[in-house]
Structures are given as structure tokens and as C-alpha cells.
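For the sequence shown, my numbering begins at 54 and goes up steadily by one. In this text, a Cβ means the ideal position worked out from N, Cα and C, and glycines have one as well. Just so it is clear, the structure is predicted and the values come from calculations on it, not from any experiment.
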Amino acid sequence: NSADISPNGARAVFEARGEILTVPAEKGDPRNLTQTPGAMEREPVWSPDGQSIAYLSDETGEYAICVRDQEGSSPAKVFPLGGNAFYSSPRWSPDSKKIAYLDNHNQLFYIDLEGKKPVLVDTDYYFSNNGLAPAWSPDSNWLSYAKSLKSHLSAIYLYSLADRKSTQVTDGMSDAGSPAFDRGGKYLYFTASTNSGPAMEPDIQGVSRPVNSSVYQIGRAHV
């Protein structure tokens, strides 16, 4: 079961038997926000402003992102995702206005809660355990993610929401992943390994040597 903590630390939200519940950190009663025994709700995440909870639901017959106030006092807003896919990993933007998510076709999307239309960011070349799990910039205008290359290595990409364009920002000569912005949004940090080449081949990874990774940074102004 997935769980998330409210920004003020007062309550936690989690899924249990297909329902979304919140519980207080100290004293108080749990709240069942969904009460939909005929549907499957999962992967709840608290908005950065602490006002809303987003989760995935198949109540309409196809998976959608639902957003409702954290007290459960009003009906959920439903954002259809379209297509015949399985969706996962919803991630709020820092401004609490957008949500990025993945599907089981190696694709990364985001949806603007005002525009309500899913936007395809990128498609991974291969399936990987890390997928395209993105990191939001503090200003909510950029997404960074690791995408696999034909070499089986991964490179770091930056996606501009304004331009709807992705740019590869590492050279592809190392296996890069886990991007994260600093709090000011000036630098992008990521891990990279320069000795993981043989380990990326699916038929020989069982006999590969240990992989070493280091942390690097790049200034966004140089992208």
C-alpha cells in the first residue's frame, strides 16, 4: 500500500483495499475519502499546498486521475487519461497545478488541471525498472527524467512545458539517472556510472562486475 504525508505533517494518506484514507499523525479519527467498494483507487499523493489529494481510480471504467479536497467534503474532480493503459506514479508539480504520471507503454505524461488534457512528454526506448520517473523544477516549468538510449545506457533529459520540447543534457557516455533540482532551480543533480556498460546488456548482466555511481550537477543556464 502506498502512503504520503501532508506538507504540514498533520495527516497521512494511504490506500487500503482500494479505498483512500487519511489518518492523523497523533489523535483523531481516520477518514475514508472515497467509499467506493466497487472501484479500485490507488497511489494517493498530497498536493504541495496541502489542500488536495490526487489518486488513480477506475471508477468510470477506465483509469483516471482524481483530485479531491483533503477533507473529503466535496466530490472528486475527475481527469480522464484516455487510452487502454495502466497508469502509475502520479507526481504533483510544486505549484499544485499539474500532475506528471507514467503508463505501462514506457510513456511519461503530465496533465494541467486547468487545461485537463494529458500531454505526452516522452517515450522510453526500452523498459527499465526506473522508468521515466520525473523530477519537477521548483518553478513547475520543467521536468527532468532519465531515458534509456539504444546503447542500454540512460541519459538525463530536460522537458520545457512552455516549448513542449525535450533536450538531452548528458552525453550518453555514462549511465545517468535519478535527476533532482536544487531548491532554487539553478542546478540539476543526477547520478551517473561510467563502468556500467556491460551491466546494461540484458543477456550478460548476471555476470557483470559491480557498478559504481557518483553524483554530478549541471547548471540549467548551460542547457
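Here residue 75 is buried. Its C-beta has 16 or more other C-beta atoms within 10 Å. The region 56-76 and the region 89-107 touch, with no fewer than 3 CB-CB distances between them shorter than 8 Å. Nearest in C-alpha terms to residue 228, of all of 149, 269, 211, is 269. Apart from the 5 residues on each side of it in sequence, residue 84 sits with its Cβ closer than 6 Å to the Cβ of 75, 125 in its chain, given in chain order.
The C-beta separation of residue 150 from residue 166 comes to about 6 Å, placing the pair in contact by the 8 Å criterion. In the three-state reduction of the DSSP assignment, residue 178 falls in the coil class, being assigned neither a helical nor a strand state. Secondary structure note for residue 218: its beta strand (DSSP E) is the uninterrupted segment 218-221.
Scanning the region 96-140 from its first residue to its last, the whole beta strand (DSSP E) runs of 3-plus residues come out as 105-110, 117-122, 130-133.
Under the three-state reduction of DSSP output, residue 85 falls in the strand class. Between residue 89 and the set 122, 190, 185, 68, the nearest pair of CA atoms involves 68. In this model, residue 218 and residue 212 are separated by some 6 Å (Cα to Cα).
Just measuring C-alpha positions, the residue of 93, 56, 272, 64 sitting nearest residue 236 is 272. DSSP, reduced to helix, strand and coil, places residue 165 within a strand of the structure shown. In terms of Cα proximity to residue 140, the closest of 128, 203, 158 is 158.
In the three-state DSSP reduction, residue 201 falls in the strand class (E or B). DSSP lists no beta-bridge partner residue for residue 143. With fewer than 16 other Cβ atoms inside 10 Å of its own Cβ, residue 170 counts as exposed.
Here DSSP, grouped into helix, strand and coil, assigns residue 151 to strand. Classified as exposed, residue 173 has fewer than 16 neighbouring CB atoms from the shown chains inside 10 Å of its CB.
If the five residues before and after residue 91 are omitted, its C-beta is found closer than 8 Å to the C-beta atoms of 112, all from its own chain and listed in chain order.
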